[in-house]
Every structure is written in structure tokens, then in C-alpha cells.
Amino acid sequence: MSVFIENQEIAVKGKLLRTAKLREEPYAILEEPMAWLGKAKNARIRADAFTFCQDLFEQEPKYGPIFELDSAALLPVSTYEHWWKKQLNDKTRNMVRKAQKSGVEVKFVALTDDFVRGICDIYNESPIIQGKPNRFYGKSFEEIRQSLLSFPDRCDFIGAYHGAELIGFVKLVHGRNVSSLLHILSKTAHRDKAPTNALIAKAVEFCAERKISFLHYGIWSRRGLGDFKKHHGFVRFDVTRYYIPLNWKGKLMLALKLHRRAIDWIPAGWQDRFVQLRNRWNSFKYRQPKQAMGR
20 MSVFIENQEI AVKGKLLRTA KLREEPYAIL EEPMAWLGKA KNARIRADAF
70 TFCQDLFEQE PKYGPIFELD SAALLPVSTY EHWWKKQLND KTRNMVRKAQ
120 KSGVEVKFVA LTDDFVRGIC DIYNESPIIQ GKPNRFYGKS FEEIRQSLLS
170 FPDRCDFIGA YHGAELIGFV KLVHGRNVSS LLHILSKTAH RDKAPTNALI
220 AKAVEFCAER KISFLHYGIW SRRGLGDFKK HHGFVRFDVT RYYIPLNWKG
270 KLMLALKLHR RAIDWIPAGW QDRFVQLRNR WNSFKYRQPK QAMGR
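Counting from 20, one number per residue, gives the positions in the sequence shown under the numbering used here.
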């Protein structure tokens, strides 16, 4: 469920206990969160608590007693040469070279109909992405186009092409001294050409040229995706997240720490097992029929 307050879209999640936050977080933050919170209360949104993140580069907590630390994956950027020589491991450096040798061309592109059609092809390649259901799988051209229209005044698109075929893309959203990889995806069929590595290299090059100090790649991850981020020079960066009760249910929820996800209560080792089981289940659930060979 979503509501709008002063052109800001607020997403409300939960059934028995509801939590509200900016839908476009962390790519959008509240400039004056406590003043804005009063407006949210006056709007009587159907939520029990409101959560928001402090500015990425403000380390000292300053908005209230109830907060936790979220983890972000950030790549400190100085020069492209420094990233290439000092922040990459040898295997990742070779993958970027492999993309170049395979004929992958990486360039900034406009959000044209042809580009959107190429993105549709990428999303429709598989109903699963990194073990999770692909929420864009089977979406129409217009639905995909609409999903790409956010932040029109502060974003760029980068495409990875093999010949005339779009095989990977990035939506790069710019903030204060940081650019974020909002969408980044490549075709599995062209994984051998390392298009995703080439896309990140292009994003780093852009940040270095524009004197942007950080490249942001979602939350800090573990397992396969976490290793992928580390190999490209991303490091863990803690971000302060606040929770503000809006009613008595919100106070009870926060006191009992019921705002946390169920998986947060599970030890890390069991989380890994759970993820493995989830990935196997999704692979079985969304399996596609194999085409007969030679027909």
C-alpha cells in the first residue's frame, strides 16, 4: 500500500503491525525528517511506526533513541587508475579485459523505446534472479518503461552491447557525492563475455571523471553476490536507520523488536542454509521446460 505526502511516496508494509517508509529509499532521503514526521502523523497514514535513514555520510546518530545500523556496499572512488590497480583483485581485472576482448561495447544511452525493448529481453530471460523470483519477468513494455522513469533529473543509463544486442544495463542514480547502481543486470546467456564487470568499470570511470567520491551498490551482501562486490572494491559502510512509533502499537512493536525481519533472528550459518533451500525451491518452482535438442 502506498500514500503520497507532499509528492513523496510512502510505502506501508505489514498486516498486523505496519511500518511506513519512503518507497525510493535509499536513493531518496528526508532532508528534515522530524519536521516531515509531523506531517506524516497529521496525514494519518495507516501505519504503526515510521522508519527512515540518516544521510549516508552522517555517522553520529542525531534523531532519536531508537535506531539500528543498516549496511550499505560502497566503493570509494579516487581515480580510475587507482581502482584498477589497487582495489580490484586479479580475477576481476581479467574479467573486465575479457569483456573488451569479447567485443562488448559499454556506453551511455538514452531511454529510447529500443533500449526499453532490450531491457525487456533481459528481464524475460529467466523467472529467477540470484535465486529469487524475478518481479519484472513477463511484464509488458509499458510496465518496464514506467519502472525506469524514477529520478529523471538525476540518473543515467549505461548499456552493454554485443553487436546490436543489448546484453546488460545499469541505471545510475546520482546523489550528494555518491552515485548508486539502482538497476544492474546482464543476460545469463552472455555471462562468458563478462558484461556486468564491464558495466561496473564504466560506472567507476564516470564517478572518477565527475569527482564523485562513492559508488553505491545496494546493501552489503554475503555469499556469492557479496564476494562479487568485494572483488570489485566495494566495502561495508554502516548507515543509521531510525524507527519512530506513531501509536501505542508502534511503541509495543519497537519495545519487543517486532519490527525486525524473521530472518534477522536466525544465526548466520542457518541463514545460509535457508538461502540454499530457498534457491533450490525457486529453481524447482520456476523451472522452464527444456527444449528438445535438434528440433
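Using N, Cα and C, we set each Cβ at its ideal position, and we do this for glycine too. Keep in mind that this is a model prediction, so the values were computed, not measured.
At which residues does the beta strand (DSSP E) containing residue i begin and terminate?
i	result
glutamate 161	Note, glutamate 161: premise wrong, no beta strand (DSSP E); alpha helix (DSSP H) at 160-166.
glutamine 27	27-32
alanine 39	38-41
histidine 235	233-238
leucine 204	197-205
phenylalanine 127	123-128
Any idea what DSSP makes of residue i, helix, strand or coil?
i	result
histidine 251	coil
valine 115	helix
lysine 81	coil
aspartate 175	strand
alanine 92	strand
histidine 193	strand
isoleucine 24	strand
alanine 66	coil
glycine 157	coil
glycine 313	Any reading at glycine 313 must be qualified, since the residue scores a pLDDT of 35, below 50, and its modelled position is unreliable; the value itself is stated next. Here glycine 313 sits in coil by DSSP.
glutamate 100	helix
arginine 242	helix
proline 308	With a pLDDT of 49 at proline 308, under the threshold of 50, the predicted position of this residue should be treated as unreliable, and no value is reported.
leucine 35	coil
leucine 107	coil
histidine 278	coil
Could you check where the alpha helix (DSSP H) with residue i kicks off and where it finishes?
i	result
valine 135	132-142
lysine 221	214-228
leucine 271	267-274
In the DSSP output, what is residue i paired with across the bridge?
i	result
arginine 260	Cys72, Glu87
leucine 185	Tyr180
proline 45	Bridge partners of proline 45: none, in fact.
lysine 151	Ile148
Residue j and residue i - do their beta-carbons sit closer together than 9 angstroms?
i	j	result
phenylalanine 188	leucine 93	no
glutamine 149	glycine 243	yes
valine 258	leucine 49	no
asparagine 266	methionine 114	no
glutamate 43	phenylalanine 170	yes
lysine 212	leucine 201	no
arginine 255	glutamine 73	no
phenylalanine 155	isoleucine 147	no
phenylalanine 133	phenylalanine 160	Correcting the residue identity first, residue 133 is aspartate in this sequence and not phenylalanine. No; because the gap between Cβ atoms is not below 9 angstroms, this pair is not in contact.
valine 223	tyrosine 180	no
proline 214	alanine 129	no
aspartate 67	phenylalanine 127	no
isoleucine 186	isoleucine 203	no
glycine 35	histidine 278	A quick correction: the sequence has leucine, not glycine, at residue 35. No, the pair does not count as a contact, with Cβ atoms beyond the cut-off.
proline 95	glycine 252	yes
lysine 230	isoleucine 141	no
alanine 221	isoleucine 177	Checking the displayed sequence, the identity of residue 221 turns out to be lysine instead of alanine. Result yes, Cβ atoms of lysine 221 and isoleucine 177 sit closer than 9 angstroms.
lysine 348	isoleucine 24	With the chain covering 20 to 314 only, the question about residue 348 has no answer from this structure.
leucine 107	histidine 250	yes
tryptophan 102	alanine 227	yes
alanine 47	glutamine 27	yes
Within the present structure, is the beta-carbon of residue i separated from the nearest heavy atom of the ligand MN by less than 8 angstroms?
i	result
asparagine 143	Judged by which ligands are present, the structure shown has none, so any question about the ligand MN falls away.
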